[in-house]
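Okay, so here's the structure we're looking at.
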Amino acid sequence: MTPEVAHACFTQLTRIRRFEEACAQCYAEGRIRGFLHLSIGEEAIAVGAMRALTPADAVVATYREHGHALARGLSMRSVMAEMFGKKAGCARGRGGSMHLFDAATRFYGGNAIVAGHLPLAVGLALADHRLARDVVTACFFGEGAVAEGEFHEALNLAALWRLPVLFLCENNRYAMGTALERSEAETDLTKKAASYRVPAQQVDGMNVEAVADAVAEAAGHARAGRGPWFLELLTYRFRAHSMFDAELYRSKEEVKAWTARCPVATFRERAKAAGALTDDDVAKVEAAVRAEVADAIAFADAAEVEPVAELTWAVTRREVAP
Amino acid sequence: MKTTYREALRVAHREALAKDPRVFLMGEDVGRYGGAYAVSRGLYDEFGPERVRDTPLSESAFVGAGIGAALGGLRPIVEVMTVNFSLLAADQLVNTAAALLHMSGGQFNVPLVVRMATGAGRQLAAQHSHSLEHWYAHVPGLRVVAPATLEDARGMLWTALQDPDPVLMFENALLYNLEGELADDAGPVDLDRARVRRAGTDVSLLCWGGNLYKTLDAAARLEREGVSAEVVDLRSLRPLDEATFLASVRKTRRAVVVDEAWRTGSLAGEVMARIIEGAFWDLDAPPARVCSVEVPIPYAQAQEQAALPQPEGIVAAALKVVRGG
Ligand SMILES: Cc1ncc(C[n+]2csc(CCOP(=O)(O)OP(=O)(O)O)c2C)c(N)n1
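Chains A and B are the protein sequences, given in the same order.
With positions in the first sequence counted from 1, the corresponding number in the numbering used here is that position plus 476.
With positions in the second sequence counted from 1, the corresponding number in the numbering used here is that position plus 67.
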């Protein structure tokens, strides 16, 4: 691990963690509303995966996507402004936490129908494939999506047409309160992918380097025209499903065991042990991120809401005047 | 007794599960989690995993399984978290549940109850806020109801379970926390009739579900303007209780329909058409409607509220119908 890589990864991990902690705080204060799903505990996946993608690649994510958006390069200001429902937000305040979008970085949401976006990812890859663009589409989803028909239909199509889609399954063990073994007869998800002839492997989703390496390898295959790839990234959500969750379905001991594997802290310690990160670096990153989060909140706070006169703007493409 | 809409629904479920061994509840997170809107909290512990059955995220599959279970002699209550997700099961509901009886020459009826949340107002943006009950109200073979009061939350479920055909129950998500008094002996209610929730003489305001309270609010404001508004809660969206709302309109000679769906193709349009067909010569003014602005419901609070019917808009529409101009 080089100091540059260590610094970059630690910075992104810290940005996501502190950003989401601030979101929880703003939510408690009523400044962020609606549904808010935090990815605290799962940050290594977004950070590792984005390291393996190029700017030309496409990203499609779920409603638990703040980390993906930030790691992909959306500005913290635009994401926070979106959470605050402001026009300066990356979706003009129309989407909120669950629907972050950004054309500039090919970030296609922020999708809140479980598995509803998998067919979309397949379509993006189909277009890229037909137009001979040398890019891949990275599609993130939770293990809950595996139960939906659209998961199966999408994997089959991508495999059948040998499309460059990376199916990145963030297995955090629970779909809301439903543990995987309470919803799937076959809990080895790689077997399901393999049955569609999609190469599949399990990866430690708490480890940034492991994720980055696996996604890079998968992307290499997809770019070489060998079709889709499935990664089951083993992880854990440290916080509640959303802000309305009594967490009746899991034990405190289990949560504690997983938080001991915190992807941010373990990365920091590994990087320090490897001599790629110093205590001084850590302090500087923390300070810079604290300032960035404070700036994003101040920006979002001061930003304007979209005027009601613009409510119907862009319902159809025709109305999108320059 | 003092209770909430959520609690009234829960009591109705408990009663149904206790009274009829054929009844069971299934859906995403209805069991251990306690229900996405906490309607079924506690029932899993009380009745066990067979009768309060958690399902995978497979709307099409578990709604379809509900149809099969109903055909097989059970009395399933299927909870779909929201009407938005019911679109993943629309094939099952429209092509099978609704059609089977007729298609089988009258042989196979589907005694299935499907409940789901509907409606906006909680800043949940465009994939969790839409009101699509009128799409189902379009379909022959389905019965569609919208409980708006504690009595209906308490009483509609049991009656729906006695129905030999599929019943879709739409619960406006803003109503779950509604508090109020419910008679200790409250029980099953009819599913057929609209109800006059407030009597008046100058204009009929027709609504259902979550809009009942905005409409009652509008009626109170109209009273301060010297206009006496009658509020009719349709309750049943399919079939429509034309007799009740036409009687009201014939009496007041004016009508405003309030609907949280978009105006184009709305149930409000259907109700207006029935008024034109059935009471045209009794009208003193063209009927009007108040619907949502034709946009995907946005997240930002001001925009969301601007998109939805509001008491001010209902008042304005009613005044225009009453005073002209
Ligand atoms: C089609 C559909 N059904 C139900 C829901 C409600 N819902 C939102 S998130 C969720 C759990 C999904 O779990 P998973 O896919 O494992 O992702 P995670 O939330 O754990 O990241 C459910 C049931 C939904 N949004 N879409």
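Just so you know, even glycine gets a beta-carbon here, dropped at the ideal spot from N, CA and C.
This one's a predicted model, so the numbers in the text were calculated from it and none came from an experiment.
Say yes only if the C-beta of residue i is nearer than 7 Å to one or more non-hydrogen atoms of ligand 1, and no if none qualify.
i: Asn162 of chain B; result: no
i: Ile589 of chain A; result: yes
i: Gly620 of chain A; result: yes
i: Arg638 of chain A; result: no
i: Leu709 of chain A; result: no
i: Ala651 of chain A; result: yes
i: Glu95 of chain B; result: yes
i: Phe617 of chain A; result: yes
i: Met148 of chain B; result: yes
i: Glu126 of chain B; result: yes
i: Glu646 of chain A; result: yes
Rounded to the nearest angstrom, what separates residue i and residue j at their Cα positions?
i: Leu241 of chain B; j: Leu217 of chain B; result: 13 Å
i: Arg491 of chain A; j: Asn648 of chain A; result: 21 Å
i: Ala385 of chain B; j: Leu272 of chain B; result: 8 Å
i: Asp610 of chain A; j: Arg699 of chain A; result: 6 Å
i: Ala522 of chain A; j: Glu619 of chain A; result: 16 Å
i: Val389 of chain B; j: Phe91 of chain B; result: 49 Å
i: Gly139 of chain B; j: Gly332 of chain B; result: 36 Å
i: Ala79 of chain B; j: Gly131 of chain B; result: 24 Å
i: Gln501 of chain A; j: Gly572 of chain A; result: 16 Å
i: Ala373 of chain B; j: Ile342 of chain B; result: 28 Å
i: Phe560 of chain A; j: Tyr366 of chain B; result: 9 Å
i: Glu74 of chain B; j: Leu235 of chain B; result: 20 Å
i: Leu489 of chain A; j: Glu646 of chain A; result: 16 Å
i: Pro479 of chain A; j: Cys499 of chain A; result: 30 Å
i: Thr226 of chain B; j: Leu576 of chain A; result: 43 Å
i: Leu228 of chain B; j: Leu124 of chain B; result: 24 Å
i: Ile589 of chain A; j: Glu146 of chain B; result: 16 Å
i: Arg793 of chain A; j: Ala482 of chain A; result: 44 Å
i: Gly625 of chain A; j: Ser127 of chain B; result: 8 Å
i: Glu685 of chain A; j: Cys738 of chain A; result: 14 Å
i: Pro798 of chain A; j: Thr122 of chain B; result: With a pLDDT of 42 at Pro798 of chain A, under the threshold of 50, the modelled position of that residue is not reliable, and the figure given next carries that caveat. Their backbone Cα atoms lie some 47 Å apart in a straight line.
i: Val740 of chain A; j: Ser718 of chain A; result: 21 Å
i: Arg108 of chain B; j: Asp158 of chain B; result: 29 Å
i: Ala695 of chain A; j: Ala635 of chain A; result: 15 Å
i: Leu594 of chain A; j: Phe627 of chain A; result: 6 Å
i: Ser671 of chain A; j: Ser153 of chain B; result: 28 Å
How should residue i be labelled, buried or exposed, when 16 other C-beta atoms within 10 angstroms of its C-beta is the threshold for buried?
i: Pro640 of chain A; result: buried
i: Ile773 of chain A; result: buried
i: Glu371 of chain B; result: buried
i: Glu117 of chain B; result: exposed
i: Gly247 of chain B; result: exposed
i: Ala785 of chain A; result: exposed
i: Ile508 of chain A; result: buried
i: Val791 of chain A; result: exposed
i: Ala310 of chain B; result: exposed
i: Lys86 of chain B; result: exposed
i: Arg302 of chain B; result: buried
i: Asn162 of chain B; result: exposed
i: Asp442 of chain B; result: Nothing can be reported for residue 442 of chain B: it is not among the residues displayed for chain B, which extend from 68 to 392.
i: Gln194 of chain B; result: buried
i: Phe347 of chain B; result: exposed
i: Gly277 of chain B; result: buried
i: Phe175 of chain B; result: exposed
i: Cys485 of chain A; result: buried
i: Glu518 of chain A; result: buried
i: His169 of chain B; result: exposed
i: Ala779 of chain A; result: buried
i: Thr530 of chain A; result: exposed
i: Ala537 of chain A; result: buried
i: Lys69 of chain B; result: exposed
i: Lys281 of chain B; result: buried
So if DSSP puts residue i in a beta bridge, which residue, or which two residues, is it bridged to?
i: Ser303 of chain B; result: B:Val212
i: Gly517 of chain A; result: DSSP, once it has assigned bridges, lists no residue as partnering Gly517 of chain A.
i: Met236 of chain B; result: B:Arg182, B:Val212
i: Thr538 of chain A; result: A:Asn587
i: Arg507 of chain A; result: Paired residue(s): none; Arg507 of chain A is not in a bridge.
i: Lys69 of chain B; result: B:Glu248
i: Thr654 of chain A; result: A:Ala651
i: Arg390 of chain B; result: Paired residue(s): none; Arg390 of chain B is not in a bridge.
**Report entry** Whole runs of the alpha helix (DSSP H) within the region 94-155 of chain B, excluding any shorter than 4 residues
**Finding:** 110-114, 126-138, 150-153
Query raised in the report: What are the complete beta strand (DSSP E) segments, minimum 3 residues, inside the region 577-652 of chain A?
Result: Segments of the beta strand (DSSP E) lying fully in the region 577-652 of chain A: 583-587, 613-618, 641-647.
**Report entry** Inside the region 304-337 of chain B only - beta strand (DSSP E) runs reaching at least 3 residues
**Finding:** 322-329
Report task. Please specify which runs of the alpha helix (DSSP H), each continuous and at least 4 residues long, are wholly inside the region 703-787 of chain A, giving them in chain order. Result -> With a minimum length of 4 residues, the continuous alpha helix (DSSP H) runs that stay inside the region 703-787 of chain A are 728-735, 739-749, 755-778.
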